[in-house]
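Student: Provided herewith is a single structure, encoded as structure tokens, for subsequent inquiry.
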Amino acid sequence: EAGVTQFPSHSVIEKGQTVTLRCDPISGHDNLYWYRRVMGKEIKFLLHFVKESKQDESGMPNNRFLAERTGGTYSTLKVQPAELEDSGVYFCASSQKTTGRYGYGYTFGSGTRLTVV
Amino acid sequence: EDQVTQSPEALRLQEGESSSLNCSYTVSGLRGLFWYRQDPGKGPEFLFTLYSAGEEKEKERLKATLTKKESFLHITAPKPEDSATYLCAVRYYGGSQGNLIFGKGTKLSVKP
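If you're matching them up, the sequences are chains R and H in order. Residues in the first sequence are numbered from 1 upward in steps of one, following the working numbering. Residues in the second sequence are numbered from 1001 upward in steps of one, following the working numbering.
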């Protein structure tokens, strides 16, 4: 099966510009997650979609970040306006099951490296 | 404060030299501990999930164990292709699905 696809793989933008990241989860995966890794720090959770609904967006840094998942398929993460501290690698992951013993692992994409200059 | 600490930050081994990576955690209640492998330029790749103290899981040269405060990833007779960053992540009571706390990782290098 195709994995989780993210694009672009790299993006360099100027401070104040807008950038949109896209994630295509594994087909049939209802759960989609966004994470971010800032240089030198650990990966941190941003938000969780179940189909098209936001289940948990407690990790979103501020209102400059907007995530959507139209039709419960692909998701976009928009940063507007971008600031220097938004630089990092943004990962998307997906999973199928919502219940059970959580024995499944989340499947990650390769990430989008965002550089704000 | 809930947190996950991995040690060492980096580990260099000779091929065939067995060792262990540590992941210690402080959370309000453990719902699952995950181990991932990450290669440069790639996303984390799922290895194991552990739920309760005493549980063990194995995959090829890797074996993960769990106690009430920490987890170990044992690597037996490693090969150069085992070189990667190994990440530990924890899901805790009160956190939603996917709301994982990650450690910073251990970068493993295995020399032939």
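Note that beta-carbon positions come from the ideal geometry of N, C-alpha and C, so glycine has one too. Computed from a predicted structure; not experimentally measured.
Tell me the start and end of each unbroken beta strand (DSSP E) in the segment 34-95 of chain R that is at least 3 residues and wholly inside, in chain order.
Tutor: 43-50, 53-56, 65-68, 75-79 and 88-95
Student: Taking Cβ positions only, does Gly1043/H come closer than 7 Å to chain C?
Tutor: Chain labels in this structure do not include chain C; the protein chains are R and H.
Student: What does Gln17/R reach in chain H if we use C-beta pairs closer than 9 Å?
Tutor: Within chain H, no residue has its CB atom less than 9 Å from the CB of Gln17/R, the nearest being about 24 Å off.
Student: Please confirm whether Ile1075/H and Asp1002/H have their CB atoms less than 7 Å apart.
Tutor: No, the Cβ-Cβ distance between Ile1075/H and Asp1002/H is not below 7 Å.
Student: In whole angstroms, give me the CA-to-CA distance for Ile26/R and Thr73/R.
Tutor: 9 Å
Student: Whose Cβ in chain H lies nearer than 9 Å to the Cβ of Asp56/R?
Tutor: Gly1095, Ser1096, Gln1097, Gly1098 and Asn1099
Student: Taking the alpha-carbon of Thr1113/H as reference, which of Gly1029/H, Phe1046/H, Lys1069/H and Glu1070/H has the nearest alpha-carbon?
Tutor: No statement about residue 1113/H is possible, as the shown extent of chain H runs from 1001 to 1112 and does not include it.
Student: Give the DSSP-derived three-state secondary structure of Asp1002/H in the structure shown.
Tutor: coil
Student: I'd like the ranges of any beta strand (DSSP E) spanning at least 3 consecutive residues and lying wholly in the segment 1023-1059 of chain H.
Tutor: 1030-1038, 1045-1050 and 1056-1059
Student: By Cβ distance, which residues of its chain are closer than 6 Å to His48/R, with the 5 residues on each side in sequence left out?
Tutor: Tyr33, Gln55 and Asp56
Student: Compute the Euclidean distance between the alpha carbons of Leu1087/H and Asn31/R, then round it to the nearest angstrom.
Tutor: Going by C-alpha positions, Leu1087/H is about 21 Å away from Asn31/R.
Student: Which of helix, strand or coil does DSSP assign to Glu1081/H?
Tutor: helix
Student: Quick one: does Phe91/R have its CB under 7 Å from some CB of chain H?
Tutor: yes
Student: Could you tell me which residues DSSP pairs with Asn31/R in its beta bridges?
Tutor: Val50/R and Ser95/R
Student: Using a cut-off of 8 Å between C-beta atoms, extract the partners of Gly1103/H located in chain R.
Tutor: Glu42
Student: Quick check on the burial criterion: 16 or more other C-beta atoms within 10 angstroms. Buried or exposed for Arg69/R?
Tutor: buried
Student: Please list the terminal residues of the continuous beta strand (DSSP E) segment that includes Thr1065/H.
Tutor: It spans Leu1062 to Leu1066 - the beta strand (DSSP E) in which Thr1065/H sits, taken as one unbroken run.
Student: Specify whether the segment 1093-1110 of chain H and the segment 1025-1037 of chain H touch according to this definition: at least 3 beta carbon pairs, one from each stretch, less than 8 Å apart.
Tutor: yes
Student: Beta carbons nearer than 8 Å to chain H: which residues of the segment 10-34 of chain R have them?
Tutor: Asn31 and Tyr33
Student: Decide yes or no for the touch test of the segment 11-21 of chain R against the segment 104-117 of chain R: beta carbon pairs closer than 8 Å, at least 3 of them.
Tutor: yes
Student: Considering only C-alpha positions, which residue in the set Pro1078/H, Lys1059/H, Ala1077/H and Leu1050/H is nearest to Thr1067/H?
Tutor: Ranked by Cα distance from Thr1067/H, the first of Pro1078/H, Lys1059/H, Ala1077/H and Leu1050/H is Leu1050/H.
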